[in-house]
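J.: Just dropping this structure here.
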Amino acid sequence: MKEIKASEVKRMLENQNVVNCEEFTFGEYIEQLTSFQKIVSAFVFEGDDSYRLSDSITQLQQLIRNKELKDNHFVQEALRSLRNVNKELAIIVAGKKGEERIEKALSFVQRSDLKVYKNVYITDGKEETELDMVLVTNNGIIILEIKNAKQDITISKDGRILYDNETSYHNACIGEKMDKKRRLLRYRIEQELKQRGVNLLDKPIRIESCITFSTQYNTHITVTDLYKKERFCYRGQLTKQIEDYYSGTCYESEDLRVLNDILDSMESNKKRFQQKLDFSKINNEFAQLMEMLTKPDEVEPAERMLVVTTETTENVVTPTTAVIRRKSKNHKFGKFAIPAASAVLLLAGIVSSAVISKRN
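Each position in the sequence shown, counted from 1, maps to that position plus 34 in the numbering used here.
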């Protein structure tokens with residue numbers, strides 16, 4: 035692998051503007067993490083940016099072993115940071131794929147009045163939230179809260195969602211979260227109707243919600259609901275549930291047009307959140323790590339010891355043995371350098387012959 039300077043890596047990350055902000059929208063964050071993954075791959079695999087970050091980490095571990103740096107504290111810290119980015123990327127990508135599976139399920143719904151909105155941002159000036167999906171039908175509006183899942187789920191009595199029945203990534207009560215989403219959406223629609231001078235012929239603004247667990251295909255999970263205050267369904271059930279959805283409210287085509295106009299006017303992918311990782315530190319660590327791993331090994335002069343055994347013949351010293359020993363990795367002498375020894379013997383023989391000839 036060619037030598038890579040830390041400054042070269044830093045310059046590439048800066049030029050690509052990779053993760054240099056503290057706040058991102060969901061879409062921006064995915065884009066930035068993916069860019070970081072590509073740049074790491076390009077440096078680790080010498081120009082090939084197609085590898086996943088987990089593959090790059092595995093390759094780096096091999097390089098670290100080759101350089102005998104596995105006990106280096108800085109190296110291990112740099113690896114730990116990359117693993118944290120890989121974990122974050124896996125969570126974000128899984129969430130995006132979860133939403134894509136739900137979007138595909140909705141594409142099979144046989145209902146002409148259905149319109150789907152994604153990542154709808156709403157605020158009342160004090161609070162803000164983002165709705166994963168909003169479904170508008172002639173019987174009402176449904177908010178979908180999408181949860182990517184690959185193991186059994188428990189919704190605890192206090193409303194926390196426990197993955198694998200024990201791990202909670204967020205301590206917030208799902209009921210409070212969904213109530214906020216319904217409340218802010220209702221407020222926004224009411225404000226828009228007032229501004230437009232429109233009423234829905236005294237029809238209520240019907241807003242419901244459903245927590246939708248998006249599993250990978252051929253993956254089956256069980257949800258144990260101890261909370262019992264929020265409606266939920268599995269990805270495989272969603273298509274039929276939306277097709278069968280009915281309420282006492284029935285919006286006319288003009289009502290639907292107004293509601294869809296309002297949803298169309300709402301911004302999407304706008305809610306910003308602070309990312310938790312220190313990418314300034316991570317970028318610097320990766321740059322220094324690449325320089326360490328690609329720096330050419332210093333060629334140390336072989337430590338040689340010449341041992342000559344002599345015999346005395348007519349007061350002439352004649353070399354009979356020459357051994358060159360060099361230092362091994364464990365700093366013990368004992369390996370022979372045969373070519374060097376042969377050269378010394380030849381040179382010594384020539385000198386000895388010259389001395390003998392002169393004396394004769």
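The beta-carbon is built from N, C-alpha and C at its ideal position, and this holds for glycine as well. Everything numeric in this text was worked out from a predicted model, so none of it was measured.
How would you write the range of the alpha helix (DSSP H) that Asp166 sits in, first residue to last?
T.: It is not in any alpha helix (DSSP H) - Asp166 instead sits in the beta strand (DSSP E) that spans 162-171.
J.: Where are the beta strand (DSSP E) runs, 3 residues long or more, that stay fully inside the segment 120-164, in chain order?
T.: Runs found: 149-157.
J.: In three-state DSSP terms, what is Asp259?
T.: Correct three-state label for Asp259: strand.
J.: Does the beta-carbon of Tyr63 have 16 or more other beta-carbons within 10 angstroms, so that it is buried, or is it exposed?
T.: It counts as buried.
J.: Give the single residue among Glu332, Ile276, Ser281, Leu323 whose Cα lies nearest to the Cα of Lys149.
T.: Lys149 has its Cα closest to that of Ile276, out of Glu332, Ile276, Ser281, Leu323.
J.: What's the C-alpha gap between His254 and Glu164?
T.: Approximately 28 Å, taken between the alpha carbons.
J.: For a cutoff of 8 Å on Cβ pairs, would you count Lys181 as touching chain D?
T.: Within the model displayed, chain D is absent; a lone protein chain is all it includes.
J.: Unbroken alpha helix (DSSP H) runs of length 4 or more, entirely within the segment 225-283: which are they?
T.: Runs found: 269-278.
J.: Can you tell me where the alpha helix (DSSP H) holding Asn294 begins and where it ends?
T.: First-last of the alpha helix (DSSP H) with Asn294: 287-299.
J.: Considering only residues of the same chain and omitting the five flanking positions on each side of Asn51, which have a CB-CB separation below 6 Å?
T.: Once the five neighbours on either side are set aside, Asn51 has no close Cβ partner at all.
J.: In terms of alpha-carbon separation, which member of Arg222, Glu42, Arg269, Ile73 lies closest to Gly159?
T.: Closest option to Gly159, Cα to Cα, is Arg222.
J.: List the residues that DSSP assigns as beta-bridge partners of Leu178.
T.: BP columns for Leu178 point to Met167, Cys244.
J.: Secondary structure at Phe77, three-state DSSP: helix, strand or coil?
T.: Phe77: helix per DSSP, three-state reduction.
J.: Compare the C-alpha of Lys329 against each of Ile239, Asn100, Asn173 and name the closest.
T.: For the residues Ile239, Asn100, Asn173, the minimum Cα distance to Lys329 belongs to Asn100.
J.: To the nearest angstrom, how far is it from the Cα of Leu47 to the Cα of Ala321?
T.: If I take the Cα positions, the gap works out to 9 Å.
J.: Looking at C-alpha atoms only, which residue of Leu140, Leu87, Val143 is the closest neighbour of Val127?
T.: Closest by alpha carbon: Leu87.
J.: What first and last residue would you give for the alpha helix (DSSP H) that runs through Ile91?
T.: 87-100 is the span of the alpha helix (DSSP H), which, as asked, contains Ile91.
J.: By alpha-carbon positions, which one of Arg216, Lys130, Cys244, Lys181 ends up nearest to Thr157?
T.: Out of Arg216, Lys130, Cys244, Lys181, Arg216 has the C-alpha closest to the C-alpha of Thr157.
J.: Sort out for me which residues DSSP pairs Ile187 with in a bridge.
T.: Paired residue(s): Tyr197, Val257.
J.: Let me check understanding here. Comparing Cα to Cα, which of Ser243, Asp186, Gln110, Lys121 lies closest to Thr445?
T.: No information on residue 445 is available, as it lies outside the stretch 35 to 394 that the chain covers here.
J.: Note down the Cα distance separating Arg194 from Glu332, rounded to an integer number of angstroms.
T.: If I take the Cα positions, the gap works out to 57 Å.
J.: Taking DSSP as the reference, what is the three-state secondary structure of Ser314?
T.: In this structure, Ser314 counts as helix in the three-state DSSP scheme.
J.: Look up Gln50 in the DSSP assignment and say whether it is helix, strand or coil.
T.: If DSSP states are grouped into helix, strand and coil, Gln50 belongs with coil.
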